[in-house]
Amino acid sequence: MPSQTTTAELIEREQRVLYPIYRRIPIAIARAEGCWIEDVEGRRYLDMISGIGVNALGHGHRRIIEAITGQANRYLHVSNLFYQEPQILLAERLCQRTGYAAVVYANSGAEAWEAALKLVRRWGHLHGKHGKVLTFTGGFHGRTYGALSGMEKPLYKDGMGPFLPQMQVLPYNDPDALEAAADATTVAVGLEFLQGEGGIVEAQPAFIERLAALRKRYGFLVIADEVQSGCGRTGDFFAFERYGFRPDIVTMAKAIGGGLPLGAVLVAEHLLGVWQRGQHGTTFGGNPLACAAGLAVLDALDEGVFEHVRTMGALIRHRLERVASTFPTLVRSVRGRGLMAGLELSEDASAVRDGLLERGVIANATATTVLRLLPPLIITAEEWAFAEEALSAVLAERAMAQAVAATTPS
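Residue numbering for the sequence shown follows this note's numbering, starting at 744 and increasing by one per position.
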């Protein structure tokens, strides 16, 4: 049944009490199930953003709900002063699956990134490396100071400095720029192998080959940010797996928590002696409720989800390329891998995003001109057909508007 409270009423109430830092989608959500969201007036929307990658298994997944309920009946929080089986079980599974030696828990991707920065700095001090940490344009690692220090986005940074020293942001996918900046004092290089916020942009093989050669030459560490691209989003557990390259540290969050706040840093064996007890910690990181949900996520992923992502990813890629060929003046390129897809447009993507919303499809605009599509990994061909029909209709309208504008005297 629809809620007795309207969207307009909730918007008005929020404006009185919440600091306005978000650009909200004008939907007040009443409930969600699978790939669908229902607002307080009873309208249904196909969710093509998955809580910005968090709800990888859709909304209300049975395994996750059962795991949360079961753990809630045992205990919710006891602090990291105690040994907790959910933490240990999840860490065991993550190490077994990925081959990394240890896990450091956090509450979010930003906190995982901060922990990774602290770890590489501590490692640098122990090994006489006091130079820069190198990151790249288009990267997004969070809104904390360490994360912002490795990003170039003025909107997130203007008037909020100073930021951390010894951080340098380089052009993404530019091997020569990386080689010019790296030297024997370099502590680490951090990157997304598939950028999300930056517009669904993949690292080029030649770029990663140069990165591997420079790491061998100078002995720095490499941090892979898999917060959005991890946990099966690309059809592999991590996006970096396609490159035959193994980072020293991996940060993850979003999907692994199944909807609860959970982040993790995966650490290679040669870094196990860097931190001593008490040099890093968190009150809530590895919360048992979130860890129980994380175990359920891993269980569910092993039930054919990776194969489904590859199949649906190939289908959606093919269909998006057909859409692009239908609207060549509007769609510049199709980007992404698996169920992390994007359409690069010749105009601001917000108009297409808004048109999709009017037709019952929730998508996102990023990097100004890119329509970002992050559907739940369980999306069906029928659900995609619904989204594609809406997308084609919106693009037809935008192409017509472009044509009219081009023939209208200025």
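From the three backbone atoms N, C-alpha and C, an ideal C-beta is built for every residue, glycine too.
Here the structure is a predicted model, which means the values were calculated and not measured.
CA-to-CA distance, residue j to residue i, given in whole angstroms
i: Y986; j: A751; result: 48 Å
i: V1104; j: G1085; result: 15 Å
i: E725; j: P1152; result: This structure gives no information on residue 725, because the portion of the chain shown stretches from 744 to 1153.
i: T929; j: H873; result: 7 Å
i: P829; j: A923; result: 45 Å
i: R767; j: D782; result: 14 Å
i: K875; j: T1109; result: 28 Å
i: A1130; j: A1106; result: 10 Å
i: W866; j: R1060; result: 42 Å
i: G1029; j: L833; result: 9 Å
i: A890; j: G1016; result: 24 Å
i: Q839; j: L957; result: 29 Å
i: A1039; j: I807; result: 5 Å
i: E784; j: G933; result: 44 Å
i: E757; j: A773; result: 16 Å
i: R1096; j: T1025; result: 38 Å
i: G842; j: A1092; result: 39 Å
i: I831; j: I811; result: 16 Å
i: E895; j: Q1019; result: 33 Å
i: E984; j: L1100; result: 34 Å
i: A967; j: V1147; result: 45 Å
i: S1089; j: R864; result: 41 Å
i: N816; j: E809; result: 11 Å
i: A1094; j: E1140; result: 10 Å
Candidates the options: closest to residue i by CA position
i: G885; options: G874, D782, K900 and L1014; result: K900
i: L1014; options: S972, N1030 and D991; result: D991
i: G939; options: I764, L1082, R786 and E1126; result: L1082
i: E1046; options: L800, Y762 and R756; result: L800
i: L877; options: R759, M910 and G871; result: M910
i: G1000; options: G796, R756, G785 and R766; result: G796
i: F906; options: L1088, S892 and L898; result: S892
i: Q951; options: V1147, A920, Q827 and A1106; result: The sequence shown places Ile at residue 951, not Gln. Minimum Cα distance to I951 is reached at A920.
i: E1012; options: L761, A845, E835 and H802; result: A845
i: A771; options: T812, Y888, E755 and M1143; result: E755
i: C778; options: N823, P769, S1076 and S793; result: S793
i: N798; options: V1074, G975 and W866; result: G975
i: V1048; options: D917, Y788, L833 and T977; result: T977
i: P948; options: G973, F1070 and N916; result: N916
i: K1069; options: E776, L1117, S1135 and G904; result: It should be pointed out that residue 1069 corresponds to Thr in this sequence rather than to Lys. With distances taken between Cα atoms, T1069 lies closest to S1135.
i: K959; options: T749, R989, I831 and L898; result: R989
i: P769; options: P908, Y788 and R1075; result: Y788
i: M1143; options: E1125, P1071 and F980; result: P1071
i: L860; options: E1132, V1008 and L1099; result: V1008
i: G1021; options: L862, I764, T749 and D790; result: L862
i: Q971; options: P918, L1120 and A1139; result: L1120
Residue i (DSSP reduced to helix, strand or coil)
i: S851; result: coil
i: M910; result: strand
i: V1008; result: strand
i: Y899; result: helix
i: A1138; result: Note that residue 1138 is Leu in the sequence shown here, rather than Ala. L1138: helix per DSSP, three-state reduction.
i: I808; result: helix
i: Q971; result: coil
i: E1046; result: coil
i: E945; result: strand
i: R958; result: helix
i: F879; result: strand
i: E776; result: strand
i: Y1183; result: Because the chain in this structure spans residues 744 to 1153, residue 1183 falls outside the shown range and cannot be described.
i: M1143; result: helix
i: R1066; result: Note that residue 1066 corresponds to Val in the displayed sequence, not to Arg. In the structure shown, V1066 sits in a helix (DSSP, three-state: H, G or I).
i: S892; result: helix
i: G1000; result: helix
i: A844; result: coil
i: I831; result: helix
i: Q747; result: coil
i: I992; result: strand
i: R976; result: coil
i: E1087; result: strand
i: G933; result: strand
i: R836; result: helix
i: R886; result: coil
Any C-beta of chain C under 8 Å from that of residue i
i: I768; result: Among the chains in the structure shown there is no chain C, since it carries only a single protein chain.
Expected contact under 8 Å - CB spacing of residue i and residue j to nearest Å
i: E969; j: A955; result: Rounded, the Cβ-Cβ distance is 17 Å, inconsistent with contact.
i: G1037; j: L1005; result: 6 Å
i: T880; j: P914; result: 6 Å
i: L1073; j: W1127; result: At roughly 20 Å, the Cβ-Cβ gap does not stay under 8 Å, so L1073 and W1127 are not in contact.
i: A931; j: V965; result: 7 Å
i: E776; j: G803; result: 5 Å
beta-carbon residue i near the ligand SAH non-hydrogen atom, thresh 7 Å
i: C838; result: The ligand SAH is absent from the structure shown, which contains no ligand whatsoever.
(message) Taking 8 Å as the cut-off, does the region 841-857 touch the region 985-1001 (at least 3 CB pairs, one atom from each stretch)?
(response) Short answer: they touch.
(message) Closer than 8 Å is the cut-off here; do at least three beta carbon pairs connect the region 1102-1118 with the region 931-945?
(response) Yes: at least three Cβ pairs fall under 8 Å.
(message) Is it the case that the region 850-867 contacts the region 1051-1060, given that we only count it when at least three CB pairs across the two stretches are under 8 Å?
(response) The answer is no - the region 850-867 does not touch the region 1051-1060, with fewer than three Cβ pairs under 8 Å.
(message) Measuring CB atoms only, is the region 1060-1069 touching the region 1030-1044, in the sense that at least three cross pairs come out at less than 8 Å?
(response) Pairwise C-beta distances place the region 1060-1069 out of contact with the region 1030-1044, as fewer than three of them are shorter than 8 Å.
(message) Under 8 Å, with one C-beta from each stretch per pair, do the region 864-872 and the region 810-829 reach the 3-pair mark?
(response) As far as the Cβ criterion goes, the region 864-872 does not touch the region 810-829, which means the pair count is below three.
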